[in-house]
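Position 5 (the sequence shown) corresponds to 4 in numbering that gives the first Met the number 0; numbering is contiguous. Using N, Cα and C, we set each Cβ at its ideal position, and we do this for glycine too. As the structure is a prediction and not an experimental result, all values here were calculated from the model.
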Amino acid sequence: MKTALESLRNASALYNEKLVKLMKSFGMTIAEHRLLLLIESGLDTQEKISLATKLDTSTLSRQLKSAVRKELLDKVATGRDKRQLIYSVTEKGQSDLKGIAAELARIDANVFSDWNQNDRALLDQLLDKLEKSI
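Written as structure tokens, this is what we have:
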């Protein structure tokens with residue numbers, strides 16, 4: 000019999016497969032999607048994003064460049080020497096975020112379609128407790 004953590008790992012892997020497929024359908028990676036969400040929430044510089052995500056600057060820089068190249072993000076140079084970049088989500092990026100959010104809501108609804116409210120609330124409580132335990 001599987002342990003609870005093994006079951007969580009398996010569920011996570013299955014969900015990740017769905018996420019990868021969904022992101023590919025929008026022409027982006029999971030990492031780029033997370034970047035768009037962070038930038039949309041107000042973390043608009045590489046420094047702010049790096050602090051929030053704990054990503055090293057070279058990895059983050061590659062992800063940002065890729066998102067700019069895919070026209071998901073805009074960048075504007077600022078400061079005296081124009082070396083600091085301020086990022087913003089483009090219209091295409093915003094449209095993709097809305098489409099992804101709708102699809103994620105659909106996936107969520109499908110996953111939990113046979114669950115009643117009590118079961119769902121219990122799962123939320125148990126997952127919160129698990130996060131605090133780890």
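Self-check item: Backbone secondary structure at S87 - three-state DSSP
Solution: strand
Quiz prompt | Continuous beta strand (DSSP E) stretch holding T77: start and end | solution = Per DSSP, the unbroken beta strand (DSSP E) holding T77 starts and ends at 72-77.
Quiz item: Straight-line CA distance for K20 to Q83?
Solution: 34 Å
Practice problem: Taking the CB atoms as reference points, tell me whether I38 and Y86 lie closer together than 9 Å. | Solution: yes
Practice problem: Measure from the alpha carbon of D73 to the alpha carbon of each residue in L122, K64, M0, A108, then state which is nearest. | Solution: K64
Exercise. Using beta-carbon positions only, say whether L129 and L50 come within less than 9 Å of one another.
Key: no
Exercise. Taking only the alpha-carbon atoms, compute the straight-line gap between L4 and S60 and give it to the nearest angstrom.
Key: 34 Å
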